[in-house]
Amino acid sequence: MNPNLKKYITSLLVAICLLLLSGKQALAQFAEGYLYNLSNFTGVVPYSWATLSVDEWQNEVYVVYQNLVTVFNDNGMEVHSFGDSLDIGHILDVAVEENGDILLLAFNDTKSSVFRSNYRGEPREEITLQDLPPEFAEMHANRIAYREGNIYLASEAQMKIVIVDAQGRFIKGFDLIRIMGIPEKDRADAGFSGFNLDKNGNMLFTVPVLFTASILSPAGEIVSFGKPGGAPGKFNIVVGMVVDSQGNYLVADKLKCAIIVFDKDLNFIKEFGYRGEKPGNLVAPESLAIDSEDRLYVSQGRKRGVSVFKLTHG
Amino acid sequence: MRNSKKLYITAACAGLLTLGFTGSAFAFHSGGVAECGGCHSMHSPAAGGTFLLVGTDQSSTCLSCHEHAGDTGPSSYHISTADADMPAGVAPLQRTPGGDFGWLKKDYTFTVRGTATTELGETHGHNIIAVDKGYAVDTENANAPGGTFPSNQLACNSCHDPHGKYRRLADGTISKTGAPIVGSGSYDSSAAPAAGSAVGVYRLLAGAGYTKDGVTYNGVPAAKVPSSYNRKEDATQTRTAYGVASAGGHSTWSNWCSTCHPNMHSSGNMVHPVDQGLGSTIATLYGQYVKSGDMTGTAATSFLSLAPFATNSSDYTALATLAKNDNSQLAGPGSSDQVMCLSCHRAHASGFEYMLRWNNEGEFITQNGVWPGTDTTPAAPQFARGRTGAEMQAAYYDRPATTFATYQRVLCNKCHAQD
Numbered sequence: 001m002n003p004n005l006k007k008y009i010t011s012l013l014v015a016i017c018l019l020l021l022s023g024k025q026a027l028a029q030f031a032e033g034y035l036y037n038l039s040n041f042t043g044v045v046p047y048s049w050a051t052l053s054v055d056e057w058q059n060e061v062y063v064v065y066q067n068l069v070t071v072f073n074d075n076g077m078e079v080h081s082f083g084d085s086l087d088i089g090h091i092l093d094v095a096v097e098e099n100g101d102i103l104l105l106a107f108n109d110t111k112s113s114v115f116r117s118n119y120r121g122e123p124r125e126e127i128t129l130q131d132l133p134p135e136f137a138e139m140h141a142n143r144i145a146y147r148e149g150n151i152y153l154a155s156e157a158q159m160k161i162v163i164v165d166a167q168g169r170f171i172k173g174f175d176l177i178r179i180m181g182i183p184e185k186d187r188a189d190a191g192f193s194g195f196n197l198d199k200n201g202n203m204l205f206t207v208p209v210l211f212t213a214s215i216l217s218p219a220g221e222i223v224s225f226g227k228p229g230g231a232p233g234k235f236n237i238v239v240g241m242v243v244d245s246q247g248n249y250l251v252a253d254k255l256k257c258a259i260i261v262f263d264k265d266l267n268f269i270k271e272f273g274y275r276g277e278k279p280g281n282l283v284a285p286e287s288l289a290i291d292s293e294d295r296l297y298v299s300q301g302r303k304r305g306v307s308v309f310k311l312t313h314g
Numbered sequence: 315m316r317n318s319k320k321l322y323i324t325a326a327c328a329g330l331l332t333l334g335f336t337g338s339a340f341a342f343h344s345g346g347v348a349e350c351g352g353c354h355s356m357h358s359p360a361a362g363g364t365f366l367l368v369g370t371d372q373s374s375t376c377l378s379c380h381e382h383a384g385d386t387g388p389s390s391y392h393i394s395t396a397d398a399d400m401p402a403g404v405a406p407l408q409r410t411p412g413g414d415f416g417w418l419k420k421d422y423t424f425t426v427r428g429t430a431t432t433e434l435g436e437t438h439g440h441n442i443i444a445v446d447k448g449y450a451v452d453t454e455n456a457n458a459p460g461g462t463f464p465s466n467q468l469a470c471n472s473c474h475d476p477h478g479k480y481r482r483l484a485d486g487t488i489s490k491t492g493a494p495i496v497g498s499g500s501y502d503s504s505a506a507p508a509a510g511s512a513v514g515v516y517r518l519l520a521g522a523g524y525t526k527d528g529v530t531y532n533g534v535p536a537a538k539v540p541s542s543y544n545r546k547e548d549a550t551q552t553r554t555a556y557g558v559a560s561a562g563g564h565s566t567w568s569n570w571c572s573t574c575h576p577n578m579h580s581s582g583n584m585v586h587p588v589d590q591g592l593g594s595t596i597a598t599l600y601g602q603y604v605k606s607g608d609m610t611g612t613a614a615t616s617f618l619s620l621a622p623f624a625t626n627s628s629d630y631t632a633l634a635t636l637a638k639n640d641n642s643q644l645a646g647p648g649s650s651d652q653v654m655c656l657s658c659h660r661a662h663a664s665g666f667e668y669m670l671r672w673n674n675e676g677e678f679i680t681q682n683g684v685w686p687g688t689d690t691t692p693a694a695p696q697f698a699r700g701r702t703g704a705e706m707q708a709a710y711y712d713r714p715a716t717t718f719a720t721y722q723r724v725l726c727n728k729c730h731a732q733d
């Protein structure tokens with residue numbers, strides 16, 4: 001055999017082995033285990049596509065459903081609820097500040113409003129958004145998040161995000177239509193889902209109609225990934241997105257009924273869930289949240305409630 | 315930011331990305347068959363799933379995209395409101411001409427003259443079965459009213475061809491083959507098909523030869539809708555321009571509906587006429603009618619989207635001209651324009667029984683100048699029927715009550731003017 005050819009084949013085999021080992025290592029590092037569904041004393045709470053957020057300091061999860069905010073402890077049991085008797089509009093989403101105050105995002109037919117409540121959910125003040133540039137003044141936010149003194153407001157339908165400070169003063173705005181180079185005429189048909197933050201304040205979201213997931217830095221740099229398809233690692237209808245303590249990205253695919261996991265370099269690791277009735281199966285997962293102990297919360301349809309998984313990393 | 319390995323995009327690259335995204339999935343269906351991966355999962359189907367659809371059923375798959383939890387109002391192609399977004403007292407959010415399927419989940423209980431009454435949500439529209447989304451089979455009608463289509467098979471694809479094979483060719487005829495579909499043909503802004511190309515039929519509706527569960531369609535109805543169609547009508551109306559076409563693979567609107575509801579069609583049956591010219595008397599009344607007790611209107615501005623009619627034209631260009639949402643096309647009907655099923659009913663669902671466009675369960679649709687509601691007119695529960703005033707207004711696509719008379723009678727009167 002030609003020595004050069006032999007050398008080439010050897011190198012190729014070594015490379016393939018390394019690649020396989022590398023893949024197996026990644027698989028070995030990430031694992032998920034189904035824990036339970038969020039429950040109260042009557043059993044599993046049968047939500048359909050509730051909106052989730054986490055108090056990362058207390059490791060409590062907040063579930064917003066039909067104008068009711070329900071708080072579950074780190075064992076998945078309901079401990080408190082509020083909202084149904086408030087007169088602030090339809091509560092869309094919540095976020096929790098370090099001191100336990102709760103930011104309530106409400107909508108009252110014509111506009112979104114942000115309220116700061118105490119830990120019991122009793123509104124104390126309305127946070128008036130100030131100094132919004134004209135292109136963000138008419139934004140109807142439907143998602144809220146909080147990170148290190150800043151409040152993030154997102155309009156999934158309008159594809160806009162603004163960051164304001166704790167008093168509501170405008171800091172920065174992002175028009176994803178412009179950033180992603182989407183023609184203005186397609187704004188109404190685009191839309192994003194799964195708005196969340198990582199620990200560095202990067203904004204995570206998916207654009208289902210583009211079959212992509214994206215990470216947007218506060219500086220306006222964006223990374224998008226994903227391809228359409230049914231094969232493992234490809235996207236059907238992607239919605240919720242979070243990042244775990246190791247920097248792995250988890251994307252919910254509500255058509256595939258799976259959570260698709262990518263490492264911090266966006267290499268596909270695995271999928272889990274899938275439609276079915278067994279523990280750990282998922283039906284049309286949508287909203288995701290993750291706490292500081294890497295407990296993953298998955299909101300589902302078909303009144304399957306919120307499933308909780310524990311993520312481990314080898 | 316850590317992920318430089320993959321596609322790294324900055325705002326400065328937006329121009330380049332525009333090229334990359336152009337022609338991508340925004341329209342998704344684009345008048346015909348969409349990206350396969352949007353509905354089918356080729357390698358990870360659900361256990362027991364059919365056709366590699368991972369949704370529990372066909373309609374659940376459609377609603378994976380056409381319903382979105384977290385909406386705050388009408389949102390583009392969404393046709394259903396998620397349970398999470400419509401607690402008791404809150405109306406469904408979407409305002410498409412076909413209506414929001416969410417009304418099917420809105421049961422209302424109220425007491426009239428001492429008798430407790432429940433109006434089931436399932437009376438509000440076509441009870442598609444979408445298990446993942448909480449839509450269940452009609453419990454009252456085993457078959458389509460006036461027909462034999464089994465209710466336990468009703469799904470989006472009972473009326474829409476999910477693969478969108480029906481197309482309008484350059485010569486105006488409808489076919490399943492003959493030229494590639496280059497885009498949607500539904501909108502006022504849709505380009506007319508050039509020679510050698512085709513556009514999708516209106517709303518991917520089922521065409522000649524499309525068979526489902528014992529019924530077979532005989533053609534596609536003609537229509538155009540404004541490109542922005544899912545919207546409140548508090549300021550201006552959304553005019554869907556329904557046409558009248560029966561040749562070249564077309565079907566008139568009510569004839570198309572009668573595929574499943576044959577005995578509801580007027581041919582030989584004692585029911586309200588459909589697919590027939592309004593005649594000069596009705597057309598004139600429609601043009602003059604403003605509201606109860608007010609016949610001072612002019613035909614040129616008399617169109618009411620709560621009582622639309624089919625324009626006697628098969629010319630898609632003419633229909634596109636009429637399909638506007640800015641009140642620039644409000645001309646009423648001529649005598650040859652036609653009444654059809656959709657003159658009174660919405661296609662998907664409405665806020666009222668029998669998927670009617672207005673509340674027909676009482677003589678008044680407004681009370682003392684406001685929309686009836688448990689909160690606005692508590693002394694007249696027979697008109698509120700368990701709804702709040704806001705819910706009632708939403709069911710009329712957010713029109714102010716002052717659009718109509720202080721005590722407005724039902725909208726049969728738009729054509730019949732008995733009030």
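Those protein sequences? They're chains A and B, same order as listed. Residue numbers for the first sequence, in the working numbering: 1 to 314. Residue numbers for the second sequence, in the working numbering: 315 to 733. All C-beta atoms in this analysis are idealised placements derived from N, C-alpha and C, irrespective of residue type, glycine included.
For residue i and residue j, what's the separation of their Cα atoms in angstroms?
i                      : j                      : result
residue 538 of chain B : residue 627 of chain B : 12 Å
residue 162 of chain A : residue 416 of chain B : 31 Å
residue 557 of chain B : residue 278 of chain A : 51 Å
residue 239 of chain A : residue 451 of chain B : 28 Å
residue 676 of chain B : residue 697 of chain B : 6 Å
residue 265 of chain A : residue 142 of chain A : 30 Å
residue 729 of chain B : residue 449 of chain B : 34 Å
residue 715 of chain B : residue 679 of chain B : 9 Å
residue 455 of chain B : residue 216 of chain A : 51 Å
residue 395 of chain B : residue 613 of chain B : 36 Å
residue 647 of chain B : residue 54 of chain A  : 57 Å
residue 183 of chain A : residue 548 of chain B : 28 Å
Would you mind stating whether residue i and residue j have Cβ atoms separated by less than 8 Å?
i                      : j                      : result
residue 294 of chain A : residue 56 of chain A  : no
residue 536 of chain B : residue 391 of chain B : no
residue 29 of chain A  : residue 247 of chain A : no
residue 194 of chain A : residue 210 of chain A : no
residue 242 of chain A : residue 282 of chain A : no
residue 374 of chain B : residue 475 of chain B : no
residue 357 of chain B : residue 231 of chain A : yes
residue 659 of chain B : residue 671 of chain B : yes
residue 480 of chain B : residue 488 of chain B : yes
residue 377 of chain B : residue 430 of chain B : no
residue 269 of chain A : residue 352 of chain B : no
residue 102 of chain A : residue 114 of chain A : no
Got a sec, what are the start and stop residues for the beta strand (DSSP E) residue i sits in?
i                      : result
residue 691 of chain B : From DSSP, residue 691 of chain B is part of no beta strand (DSSP E); its letter is neither H nor E.
residue 60 of chain A  : 60-65
residue 339 of chain A : Outside the displayed range of chain A (1 to 314) lies residue 339 of chain A, so it cannot be described from this structure.
residue 37 of chain A  : 31-37
residue 80 of chain A  : 78-82
residue 423 of chain B : 422-426
For the candidate residues the options, whose alpha-carbon lies nearest to that of residue i?
i                      : options                       : result
residue 551 of chain B : B/642, B/561 and B/568        : B/642
residue 97 of chain A  : A/47, A/250, A/266 and A/148  : A/148
residue 719 of chain B : B/646, B/526, B/653 and B/608 : B/608
residue 701 of chain B : B/594, B/374, B/501 and B/432 : B/432
residue 588 of chain B : B/514, B/357, B/653 and B/622 : B/653
residue 81 of chain A  : A/66, A/121 and A/106         : A/121
residue 129 of chain A : A/164, A/150, A/100 and A/302 : A/164
residue 63 of chain A  : B/372, B/379 and B/384        : B/384
residue 86 of chain A  : A/99, A/72, A/77 and A/66     : A/66
List the endpoints of the continuous alpha helix (DSSP H) containing residue i.
i                      : result
residue 728 of chain B : 727-730
residue 439 of chain B : Here residue 439 of chain B belongs to no alpha helix (DSSP H), and DSSP marks it neither H nor E.
residue 705 of chain B : 703-709
Would the C-beta of residue i count as close to the ligand PLP, meaning under 7 Å from any of its heavy atoms?
i                      : result
residue 473 of chain B : The model on display carries no ligand, and the ligand PLP is accordingly not part of it.
Quiz item: In the region 108-192 of chain A, which residue ranges form an unbroken alpha helix (DSSP H) of at least 4 residues, counting only runs that do not cross its ends?
Solution: 134-137 and 176-179
Which whole runs of the beta strand (DSSP E) in the region 211-258 of chain A are 3 residues long or more, in chain order? 212-216, 222-225, 238-243 and 249-253
Requested in this report: Scan the region 553-638 of chain B and note each continuous beta strand (DSSP E) run of 3 residues or more that stays entirely inside, going in chain order.
Outcome: none
Return the chain-ordered ranges of every alpha helix (DSSP H) run that is complete within the region 356-390 of chain B and spans a minimum of 4 residues.
372-380
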